[in-house]
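Engineer: Heads up: the protein sequence lines correspond to chains A and B, in order.
Residue 431 in the numbering used here sits at position 431 of the first sequence, and the numbers go up by one each step.
Residue 434 in the numbering used here sits at position 434 of the second sequence, and the numbers go up by one each step.
There are 2 protein chains.
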Amino acid sequence: MRIKPSIPKGTRDFTSEVMFRREFIFKNVKSIFKSYGYSPIETPAMENIQTLTGKYGDEGDRLIFKVLNSGDYLKDIQLDENVTSQNISNKIASKALRYDLTVPFARFVVQNQEKLTFPFKRYQMQNVWRADRPQKGRFREFFQCDVDIVGSNSLLSEIELIQLTDDVFTSLNIPNVKIFINNRKVLVAMVNKMLAKEYFNDIVIALDKIDKIGFDNVKKEIIAKGVTKQSCEILDDFVNCKSIADLEILLSDTDSSKNGLDDLKFIFDSINKIGLKSCEIVFNITLARGLDYYTGCIFEVITKDLKIGSIAGGGRYDNLTSVFGNNKLSGLGISFGIDRIYLVMEELGLFNDQIDKDTSVMFINFGKEEAVECLPIIQKLRKVGIISEIYPDSTKIKKQMTYANNKSFDYVVMIGEDEIKTGLISVKDMSNGFQENVTINDFIKKLN
Amino acid sequence: MRIKPSIPKGTRDFTSEVMFRREFIFKNVKSIFKSYGYSPIETPAMENIQTLTGKYGDEGDRLIFKVLNSGDYLKDIQLDENVTSQNISNKIASKALRYDLTVPFARFVVQNQEKLTFPFKRYQMQNVWRADRPQKGRFREFFQCDVDIVGSNSLLSEIELIQLTDDVFTSLNIPNVKIFINNRKVLVAMVNKMLAKEYFNDIVIALDKIDKIGFDNVKKEIIAKGVTKQSCEILDDFVNCKSIADLEILLSDTDSSKNGLDDLKFIFDSINKIGLKSCEIVFNITLARGLDYYTGCIFEVITKDLKIGSIAGGGRYDNLTSVFGNNKLSGLGISFGIDRIYLVMEELGLFNDQIDKDTSVMFINFGKEEAVECLPIIQKLRKVGIISEIYPDSTKIKKQMTYANNKSFDYVVMIGEDEIKTGLISVKDMSNGFQENVTINDFIKKLN
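#1: Considering Tyr294 of chain A, what are the terminal residues of the beta strand (DSSP E) in which it resides?
#2: Using DSSP with H/G/I as helix, E/B as strand and the rest coil, what is Gly57 of chain A?
#3: Look up Ile397 of chain B in the DSSP assignment and say whether it is helix, strand or coil.
#4: Against chain B, which members of the stretch 171-198 of chain A pass a CB distance test of less than 8 Å?
#5: Indicate whether Ala106 of chain A and Ile49 of chain A have their beta-carbon atoms separated by less than 8 Å.
#6: Three or more C-beta pairs under 8 Å: does that hold for the stretch 158-166 of chain B against the stretch 183-195 of chain B?
#7: Is any beta-carbon of chain B found at less than 8 Å from that of Pro134 of chain A?
#8: Would a C-beta distance cut-off of 8 Å place Glu389 of chain A and Gly37 of chain B closer than the cut-off?
#9: From which residue to which residue does the alpha helix (DSSP H) around Ile49 of chain B run?
#10: Spatial neighbours of Asp429 of chain A within its chain, please: CB distance less than 7 Å, with the 5 preceding and 5 following residues excluded, ordered by chain position.
#11: Taking the straight line between their C-alpha atoms, what separation do you get for Ile355 of chain B and Phe366 of chain A?
#12: Going along chain D, which residues have a C-beta under 7 Å from Arg12 of chain B?
#13: I want to know whether the stretch 76-94 of chain A touches the stretch 110-117 of chain A - three or more CB-CB distances under 8 Å.
#14: Bridge partners for Ile281 of chain B per DSSP, in chain order?
#15: Tell me, please, which residues DSSP counts as bridged to Ala312 of chain A.
#16: Identify every run of the alpha helix (DSSP H) within the stretch 129-217 of chain A, keeping only runs that are complete inside it and at least 4 residues long; order them along the chain.
#17: Applying a beta-carbon distance threshold of less than 8 Å, which residues of chain B neighbour Val110 of chain A?
#18: If the cut-off is 7 Å on Cβ atoms, which residues from the stretch 39-69 of chain A count as contacting chain B, listed in chain order?
#19: Please report whether the beta-carbon of Lys446 of chain A lies at a distance below 8 Å from any beta-carbon of chain B.
#20: Assuming Phe139 of chain A and Thr43 of chain A make a contact with CB atoms under 8 Å, what is their CB distance in whole Å?
#21: Against chain B, with Cβ distances strictly below 8 Å, would Ala224 of chain A count as a contact?
#22: May I ask which residues mark the beginning and end of the beta strand (DSSP E) holding Glu389 of chain B?
#23: Would you mind telling me which residues of chain B sit closer than 7 Å to Ser256 of chain A, beta carbon to beta carbon, in chain order?
#24: Can you tell me where the beta strand (DSSP E) holding Gln435 of chain A begins and where it ends?
#25: State whether the stretch 331-348 of chain B contacts the stretch 237-252 of chain A, with contact taken as three or more CB pairs (one from each stretch) at a distance under 8 Å.
#26: Between the Cα of Ile386 of chain B and those of B:Lys9, B:Pro392 and B:Ile377, spot the shortest distance and give me the residue it belongs to.
#27: What number of angstroms, rounded off, separates the C-alpha of Ala371 of chain A from the C-alpha of Glu160 of chain B?
#28: Please classify Leu207 of chain B: is it buried, with 16 or more other beta-carbons within 10 angstroms of its beta-carbon, or exposed?
#29: Have a look at Ile179 of chain A and Glu300 of chain A and give me their C-alpha separation to the nearest angstrom.
#30: At a Cβ cut of 7 Å, what residues of the stretch 93-120 of chain A count as close to chain B, listed as they run along the chain?
#31: At 7 Å on the CB atoms, spell out the chain A contacts of Asp72 of chain B, in chain order.
#32: Report all residues from its chain with a CB closer than 8 Å to the CB of Asn326 of chain B; omit the five preceding and five following residues, and keep chain order.
#33: Residues of chain A with a CB under 9 Å from the CB of Lys357 of chain B: which are they?
#34: Looking at chain A, is there any beta carbon in it that lies within less than 8 Å of the beta carbon of Asn406 of chain B?
#35: Hey, could you find the ends of the beta strand (DSSP E) Phe363 of chain A is sitting in?
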């Protein structure tokens with residue numbers, strides 16, 4: 001049976017050209033994570049389903065890919081009219097694919113706590129899967145690069161992650177990057193001032209969409225939920241607040257150590273003192289971040305040059321490990337959206353000159369016997385770090401040269417009968433077409 | 001609700017210590033793949049189910065992890081007494097997790113053929129998933145590193161992959177590695193001589209288990225299937241055949257260009273001429289490899305020092321891309337079992353001195369203000385490639401030093417009030433406990 005080759009919606013094949021670019025990003029990001037003292041970990045693609053459900057809100061739960069149990073999974077299941085897709089799922093699928101790296105990380109920390117040194121600083125670079133509707137910059141399989149520190153509530157960690165974010169985007173040459181910052185405690189104080197405590201989630205969820213739907217629609221949405229017009233007027237004041245100083249005035253009658261203001265002030269003062277390399281840090285009261293688990297500072301990173309949503313985001317969470325049995329660990333993390341960063345770099349033409357290419361040499365194949373003569377020379381080149389290969393078939397030279405051109409070899413070497421006799425090899429420089437006869441050792445010396 | 005943290009059977013968390021060792025293997029393997037002119041590709045974790053089923057035999061099909069469709073997947077399905085786990089699976093799960101890298105690769109090659117240069121040489125390093133019973137060296141999520149070349153049937157490719165395999169195990173310092181080689185065409189010729197053509201699959205499947213069950217049981221198994229005792233006597237001669245020369249005598253009355261003998265002779269002659277670095281290449285008539293798709297030379301790699309099964313294996317397949325619509329591509333590949341290679345290296349103590357560690361420095365935290373003073377110095381160190389961090393909390397020095405010890409920092413730096421005044425920093429060398437006051441620039445110079 002012939003099958004038309006295809007892959008699932010929202011997933012991608014990566015050709016070598018794309019892989020080289022992705023690896024360029026990974027390499028940069030990784031070396032920065034490392035220099036800040038973060039160490040790598042990995043968790044399985046599949047988690048037990050109860051590890052994941054209930055952590056991402058109802059919408060999130062629906063988007064989790066579930067893995068069907070093996071064997072006769074229907075054996076002990078009564079199939080009657082009461083069976084629905086929803087109530088049978090957990091019985092026939094006890095595993096699911098990772099939805100993000102944060103929840104598996106919290107599970108990892110509690111499960112492996114005896115082996116870890118706290119505060120524990122880790123980075124994790126793995127795929128996650130979401131059954132979301134695919135669109136530009138949104139895939140069903142995508143790559144996340146997360147750094148987290150758990151076991152400390154020091155604000156130095158916030159400063160460290162801001163510096164690290166600045167280093168990442170500076171190293172990738174992405175211009176006009178803004179790091180938006182807010183604090184969930186500020187949002188709590190704001191909603192309290194609005195006398196709308198019971199609508200906290202509604203207000204925060206609406207506010208998070210302000211860029212997409214505009215402030216008027218945010219207000220309409222929360223008024224529909226029951227928030228009063230007077231409360232909305234107070235919200236006006238907050239949304240117009242453009243700096244920490246503005247915020248200080250609005251929150252002057254509440255306790256600054258509890259409302260997040262002291263935290264933000266310390267962070268801004270410190271960052272101003274030490275400076276950032278290329279990013280700009282901006283206070284943004286409308287930044288809320290949907291996920292339930294954030295409790296302190298929250299971040300979101302965008303580049304002004306491309307409307308593609310956030311390219312990184314994160315925040316402080318105080319209670320995430322508690323669901324797995326450990327209450328004492330405050331954590332802070334940021335996640336870099338590598339697939340979007342890739343799109344930004346591609347659209348801005350930032351890959352062009354950045355990717356190092358190793359020197360590469362192709363040997364023309366003049367026949368089995370001659371080819372075997374080439375192999376020891378090829379091994380010599382590989383040993384000094386030069387990519388080298390012989391064309392596998394002794395086909396027409398023109399075809400072999402086309403291959404060399406397509407794969408952008410730097411040099412093509414010809415060792416035929418004559419060359420074997422004289423001990424000289426014939427080398428063609430593909431950048432200029434220049435051809436010369438040299439000894440093998442001189443050729444290696446030249447390449448080094 | 002509290003959840004006891006756990007992960008699915010047969011899967012693993014990787015701590016940083018394990019990750020550093022795995023990355024050491026990946027880095028070595030990758031640089032060798034590259035030096036031979038292979039380029040990276042990646043395919044999605046999920047494939048459409050029809051891409052995978054029917055490629056790995058019945059047993060393989062049962063071990064494929066299937067992914068439940070999203071949304072109301074039971075909507076159009078009649079749930080009656082005819083429903084079984086087996087006949088409903090493909091209706092409720094149209095995607096599945098990658099079972100190996102070869103079939104997705106064949107699908108990739110046909111789907112992306114316009115973008116590729118042939119012969120196409122790729123490497124692929126990704127996880128695969130199998131619902132197999134877990135045991136030592138066998139996991140449900142494990143990592144494969146594959147190299148394949150498609151679009152050529154030249155025997156130079158076989159030689160290239162033998163050299164590459166030799167380079168991989170030499171670079172990892174794994175001793176006593178044997179590369180077993182056989183040819184499916186030899187097996188065909190053998191079965192023809194046995195006059196047992198119709199039992200080819202039975203004979204090959206039984207022979208593949210000779211190490212586990214012994215030759216007597218192999219014979220019992222095939223006799224039970226219907227192979228005659230006379231045929232088994234001929235099999236005796238073949239199994240006793242220890243070299244290509246022995247084989248040549250046994251197959252002298254058949255066409256050596258068709259029975260695989262010429263292929264093996266050319267490969268052995270060439271390898272003998274150019275030599276291997278540390279591996280030994282051994283002809284093994286009992287090597288059959290279960291997978292249906294091999295048609296020519298087959299390989300399996302073991303280390304004599306550890307009974308753990310094969311650590312690499314592969315072969316030539318002539319028809320794998322045809323199922324996806326392209327008949328013309330002969331391919332050859334080898335897959336390295338990274339998880340088993342890891343176990344071998346661990347048991348033989350091969351990681352100990354091989355893993356480079358970057359220099360690392362921890363700064364003691366004497367309080368918020370002092371800490372912020374340290375940050376620019378820390379950035380200077382990171383810039384020159386030194387891992388550096390400040391302990392996030394200004395807690396007891398003893399606790400901070402324990403952290404520094406546990407994370408094996410090379411130096412601990414103290415910058416308190418005095419140090420800020422004098423401009424000298426206090427540095428403790430953790431390897432010998434020696435402590436001195438130096439300028440920042442002298443410290444950086446020393447580390448470089």
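A virtual CB, placed ideally from N, CA and C, is assigned to each residue, including glycine.
Structural biologist: The answer reads as follows:
#1: For the purposes of this step, residue 294 of chain A is identified with residue 294 of the first sequence, where counting begins at 1. Unbroken run through Tyr294 of chain A: none, as it is neither H nor E.
#2: What you label residue 57 of chain A is simply residue 57 of the first sequence in a count that begins at 1. Residue state, collapsed to three classes: helix.
#3: Translated into the one-based positions of the second sequence, residue 397 of chain B becomes position 397. The DSSP-derived three-state label of Ile397 of chain B is helix.
#4: none
#5: Numbered from its first residue, the first sequence carries residue 106 of chain A at position 106. Numbered from its first residue, the first sequence carries residue 49 of chain A at position 49. No Cβ-Cβ contact shorter than 8 Å links Ala106 of chain A with Ile49 of chain A.
#6: no
#7: In the first sequence, the residue the question calls residue 134 of chain A occupies position 134. No, because no Cβ of chain B sits closer than 8 Å to the Cβ of Pro134 of chain A.
#8: As a first step, residue 389 of chain A is located in the first sequence; it is residue number 389 there, counting from the start. As a first step, residue 37 of chain B is located in the second sequence; it is residue number 37 there, counting from the start. Yes, the Cβ-Cβ distance between Glu389 of chain A and Gly37 of chain B is below 8 Å.
#9: Mapped onto the second sequence, residue 49 of chain B falls at position 49. Where Ile49 of chain B is concerned, the enclosing alpha helix (DSSP H) stretches over Ile49 to Leu52.
#10: By one-based count along the first sequence, residue 429 of chain A stands at place 429. Closer than 7 Å at the Cβ level, and outside the excluded window around Asp429 of chain A, lie Tyr411.
#11: Reading the second sequence from its first residue, position 355 is the one you call residue 355 of chain B. Reading the first sequence from its first residue, position 366 is the one you call residue 366 of chain A. Looking at the two C-alpha atoms, the distance is approximately 42 Å.
#12: The structure shown contains no chain D; its protein chains are A and B.
#13: no
#14: As a working mapping, residue 281 of chain B is identified with position 281 in the second sequence. B:Ile179.
#15: Taking the first sequence and counting its residues from 1, the one referred to as residue 312 of chain A is at position 312. Bridge partners of Ala312 of chain A: A:Val301 and A:Phe336.
#16: Those alpha helix (DSSP H) runs which fall completely within the stretch 129-217 of chain A and span 4+ residues are 156-171, 184-193, 200-207 and 210-213.
#17: One-based indexing of the first sequence puts residue 110 of chain A at position 110. Result: Pro5.
#18: Ser39, Pro40, Ile41, Glu42, Thr43, Pro44, Ala45, Met46, Glu47, Asn48, Gln50, Thr51, Phe65, Lys66, Val67 and Leu68
#19: If you number the first sequence from 1, residue 446 of chain A lands on position 446. False, the Cβ-Cβ gap to chain B never drops below 8 Å.
#20: One-based indexing of the first sequence puts residue 139 of chain A at position 139. One-based indexing of the first sequence puts residue 43 of chain A at position 43. That belief does not hold up - the Cβ atoms of Phe139 of chain A and Thr43 of chain A are roughly 20 Å apart, past 8 Å.
#21: Working through the first sequence from its first residue, we reach residue 224 of chain A at position 224. Cβ-Cβ to chain B under 8 Å: no for Ala224 of chain A.
#22: Taking the first residue of the second sequence as 1, we reach residue 389 of chain B at position 389. Looking at the DSSP string, the run of the beta strand (DSSP E) that includes Glu389 of chain B is Ile387 to Ile390.
#23: Translated into the one-based positions of the first sequence, residue 256 of chain A becomes position 256. Correct list: empty, because the minimum Cβ distance to chain B is about 16 Å.
#24: Stepping through the first sequence from its first residue, residue 435 of chain A is reached at position 435. Per DSSP, Gln435 of chain A belongs to the beta strand (DSSP E) from Gln435 to Thr439.
#25: Three or more Cβ pairs closer than 8 Å define a contact, and the stretch 331-348 of chain B falls short of that threshold against the stretch 237-252 of chain A.
#26: If you number the second sequence from 1, residue 386 of chain B lands on position 386. Here the closest residue by C-alpha is B:Ile377.
#27: As a working mapping, residue 371 of chain A is identified with position 371 in the first sequence. As a working mapping, residue 160 of chain B is identified with position 160 in the second sequence. So the two alpha carbons sit approximately 11 Å from each other.
#28: For the purposes of this step, residue 207 of chain B is taken as the residue at position 207 of the second sequence. Buried is the call here.
#29: For the purposes of this step, residue 179 of chain A is taken as the residue at position 179 of the first sequence. For the purposes of this step, residue 300 of chain A is taken as the residue at position 300 of the first sequence. Using only the alpha carbons, I get a separation of about 6 Å.
#30: Ala93, Lys95, Arg107, Phe108, Val110, Gln111, Asn112, Lys115, Thr117 and Pro119
#31: To locate residue 72 of chain B, count along the second sequence from 1; it is residue 72. Chain A residues near Asp72 of chain B: Ser85.
#32: In the second sequence, residue 326 of chain B corresponds to position 326, counting from 1. Val109, Val110 and Gln113.
#33: Within the second sequence, the letter at position 357 stands for residue 357 of chain B. Per Cβ cutoff of 9 Å: no residues; Lys357 of chain B is ~11 Å from chain A at best.
#34: As a working note, residue 406 of chain B is residue 406 in the second sequence. Taking Cβ atoms only, chain A reaches closer than 8 Å to Asn406 of chain B, which makes this a yes.
#35: Here the question's residue 363 of chain A lines up with position 363 in the first sequence. Segment Ser360 to Phe363, the beta strand (DSSP E) holding Phe363 of chain A.
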